[in-house]
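Have a look at the structure below, then the notes.
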Amino acid sequence: MPPRTRKPPTDAPSSRRTAGRSARGGLSATQALLTVLAEYVAPQSSGVWQETLVQALGALGHSPAAVRQAISRSTKEGALTTARHGNRAYVELSEDALATLRQGERAMSEEPGPESWNGEWDVFVVRSRGKDQASAYQLRTSMLLRGLGYLGNGVWLSPHARLKEEIVRALSSEPGVDVVVLRSHIEHPEASAVVERAWDLDAIVGSYKQLLTRFGNHDPQNDEQRFLAWTELAHAWRDCVMTDPQLPADVLRAHWPRERASALVAERRGQWRPAAQAYFGALVGDDSRT
19 MPPRTRKPPT DAPSSRRTAG RSARGGLSAT QALLTVLAEY VAPQSSGVWQ ETLVQALGAL
79 GHSPAAVRQA ISRSTKEGAL TTARHGNRAY VELSEDALAT LRQGERAMSE EPGPESWNGE
139 WDVFVVRSRG KDQASAYQLR TSMLLRGLGY LGNGVWLSPH ARLKEEIVRA LSSEPGVDVV
199 VLRSHIEHPE ASAVVERAWD LDAIVGSYKQ LLTRFGNHDP QNDEQRFLAW TELAHAWRDC
259 VMTDPQLPAD VLRAHWPRER ASALVAERRG QWRPAAQAYF GALVGDDSRT
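With positions in the sequence shown counted from 1, the corresponding number in this note's numbering is that position plus 18.
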């Protein structure tokens, strides 16, 4: 039987909530739910009481109705299941969702080491047949999430040879999709110019700078505020990690901001995360979280 929920700590959130965007920050209820599950639930277990999520997302500014709606949406999408225990509900991550969140947590906490690169690119020429607009968009999104750059007309780029087999397997499993893979050097124009065309570097830099500006001088004063601050920073950092294609330094702009952002996150992780986890642990009745 899942553990019962204790009352929230003495610095619990006030009763004012919003149904959409956070009253205290910038996360929607769905974004807040994903981040709370990834940061506080998935590392330790696969499930949590629904009222614990209501309390936790309440601290982030969301009404109980908005939280339940976000849980219901995620349940319909197959990421969560809910089970009734009397008048209470226990929310559990699906096996795939749990694995995805744990993999994402590893990617967020581990700084990638230097990868040797000989200046060659994997070029994926992708052709799809009979794809409707929604399916084509989903395929394109999948490619972008794997860190590939798009040159147009079905031509994608990656400098990461270690990802080639994974990408080919994923594309080959798509019905109606053909892929040809080439290995090539960029001779004209400069590789950095091609990178600027294939990846939206302005958006990536913007995300890093926003993180640095927002959290660089922030100083939360109690555990509830540290819970709010760390949860929002974890979400912002996850966005940066997911959208940064980890391109070789040779083709990036000068003063690429990932290293500065990573150093800030590491510092704030030590300063804020223990208190944030203790705050959430009090909600679920487990003060032993570390």
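Heads up, the beta-carbon is just placed ideally off N, CA and C, and yes, glycines get one too.
All values derive from a computational prediction rather than experimental measurement.
Under the three-state DSSP convention, the category Trp217 falls into: coil
To the nearest whole angstrom, what separates the beta carbons of Leu251 and Val283, a pair I think is in contact under 8 Å? 7 Å
Just how far apart, CA to CA, sit Leu166 and Asn105? Spanning the two alpha carbons is a distance of roughly 47 Å.
On the premise that Gly137 lies in contact with Ser112, defined as a C-beta separation below 8 Å, what is that separation, rounded to the nearest angstrom? At roughly 42 Å, the Cβ-Cβ gap does not stay under 8 Å, so Ser112 and Gly137 are not in contact.
Taking its Cβ as the centre, do 16 or more other Cβ atoms sit within 10 Å of Val143, making it buried, or is it exposed? exposed
Go ahead and pull the three-state DSSP assignment for Arg22. At Arg22 the pLDDT is 43, less than 50, meaning the model places this residue with poor confidence and gives no usable figure here.
Rounded straight-line distance, which links the Cα of Leu301 to that of Trp67: 10 Å
Where are the beta strand (DSSP E) runs, 3 residues long or more, that stay fully inside the stretch 79-137, in chain order? 98-103, 106-111
With a threshold of 8 Å, are at least 3 pairs of Cβ atoms found where one atom belongs to the stretch 267-277 and the other to the stretch 204-223? yes
Inter-stretch contact at 8 Å, needing at least 3 Cβ pairs: the stretch 168-176 / the stretch 211-229: Judged by pairs of C-beta atoms under 8 Å, the stretch 168-176 touches the stretch 211-229, as three or more such pairs exist.
Going by the CB atoms, is the gap between Leu229 and Ala293 shorter than 8 Å? no
Do the stretch 87-94 and the stretch 220-237 make contact, defined as three or more Cβ pairs closer than 8 Å? no
Using the rule of at least 16 other Cβ atoms within 10 Å of the residue's Cβ for burial, across every protein chain shown, is Gln295 buried or exposed? When all chains shown are included, Gln295 counts as buried.
How would you write the range of the beta strand (DSSP E) that Ser176 sits in, first residue to last? Run containing Ser176: 173-176, per the beta strand (DSSP E) assignment.
How is Trp274 classed by DSSP in three states: helix, strand or coil? DSSP, read as helix, strand or coil, puts Trp274 in coil.
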